[in-house]
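Here is the structure we will look at.
In our numbering, the protein residues as written are 400 to 643.
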C-alpha cells in the first residue's frame, strides 16, 4: 500500500509534457514574421499572436521556416500542424483547409520606387509586377489588367523588393502591412502606390481539415485575448508606430 501511495505521489509530481504543435511560418516577412537566429527563434506580429495562443492552450509550439507555397503543401501532407504567415482566408482555401477566426483585416498594396515614373494604378499597364508565389496577388492583378501586365513571382518578399530596387519590376504588390513596413524603413527608395485593396476576409491561422478541435482551441484563445486586452497590446507593438 505504501508503494502505491509513493507511485501516485511520483506521478502527480512528474512534469506533464506539453503538446507539441508544429507551426509552419515564413522566415522573413516583417512585421509579421522575422527569424531572429538559426536556432529557430522568431518574432513579429503573427509570431507573438501565435506564441500567446500556445501559452493559453498549454502547447509547445515549434516554428518551422517555410516559403509561402510550402506552408500549404506541408500542411496538406501532415508535416506541420498549423500554417501561419499573413494567410488570407478565402472560400477556395476553405475547401481544403480549416481557418481560425480572422485576427487581422487582409488587404493588398502596390509599392513602387520614389524615382519611378509610375504615378497611379493605371500607369501599371504594360509594366512588370512583382509578387510572392502562391499568394492571391497574381490573380488580383490579372483580374484588373488581364494580359496588359507581366507578373513576375518570387519565392520570398525580400526577392521581390530586391527586384524592385534594381528596376527588374516596376511595382510590387504585397500585404498592406508588409508594404508599409518596407516603405517606412526605406522611404528614400520606396513609396506606396494608390490605396489598399481588400483581399479575402482577413488573415487566419490555417489547419488541416482533421484539426477542428485544435482550431476550436485557437479560436477560444483569440477571443480571450481580444476580451482581456492582450490582442491590442500585441497589435500596438507592431502597427501603432507605422505612420506614413
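In this text, a Cβ means the ideal position worked out from N, Cα and C, and glycines have one as well.
Item                                                                                                  : Value
Those residues which DSSP pairs with residue 453 across a bridge                                      : In DSSP, residue 453 forms no bridge with anything.
The stretch 463-479 contacting the stretch 566-576, beta-carbon criterion three pairs below 8 Å       : no
Own chain residues within Cβ distance below 7 Å of residue 515, not counting five before or after     : 569
Residues near residue 631 in its chain [Cβ-Cβ closer than 7 Å; skip 5 each side]                      : none
8 Å Cβ shell around residue 549 - same chain, five flanking residues per side excluded                : 526, 527, 528
Among 522, 553, 521, the one whose alpha carbon lies nearest that of residue 536                      : 553
C-alpha gap between residue 459 and residue 427, whole angstroms                                      : 22 Å
Counterpart residues of residue 421 in DSSP-defined beta bridges                                      : 461
Under 8 Å between C-beta atoms of residue 694 and residue 498                                         : An answer regarding residue 694 cannot be provided, because it is not within the stretch 400 to 643 covered by the chain.
Candidates 588, 612, 425, of which the one nearest residue 510 by Cα                                  : 588
Buried versus exposed, by CB contacts within 10 Å (16 or more), residue 430                           : buried
Unbroken beta strand (DSSP E) run spanning residue 624, endpoints                                     : Here residue 624 belongs to no beta strand (DSSP E); instead the alpha helix (DSSP H) covers 611-627.
For residue 608 and residue 496, believed in contact at Cβ under 8 Å, the rounded distance            : 7 Å
Residue interval of the alpha helix (DSSP H) (run including residue 539)                              : 536-544
Alpha-carbon to alpha-carbon, residue 473 and residue 582                                             : 32 Å
DSSP-derived helix/strand/coil call for residue 589                                                   : strand
C-beta neighbour in chain B for residue 558, strict 8 Å                                               : Of the chains in the structure shown, none is chain B; there is only one protein chain.
Per-residue burial, residue 435 [other beta carbons within 10 Å of its own, 16 or more giving buried] : exposed
Status (buried if at least 16 other CB within 10 Å, exposed otherwise) for residue 615                : exposed
Residue 552 - DSSP class collapsed to helix/strand/coil                                               : strand
C-beta atoms of residue 595 and residue 559 nearer than 8 Å                                           : no
Residues that DSSP places opposite residue 607 in a beta bridge                                       : 496
Proximity below 8 Å, CB of residue 621 to CB of residue 452                                           : yes
Residue(s) in a DSSP beta bridge with residue 597                                                     : 506
Residue 642 versus residue 602: straight-line alpha-carbon distance, rounded                          : Only weak support exists for where residue 642 lies, its pLDDT of 47 falling under 50; the value from the coordinates is given anyway. Using only the alpha carbons, I get a separation of about 22 Å.
Burial state of residue 457, where buried means 16 or more other Cβ atoms lie within 10 Å             : exposed
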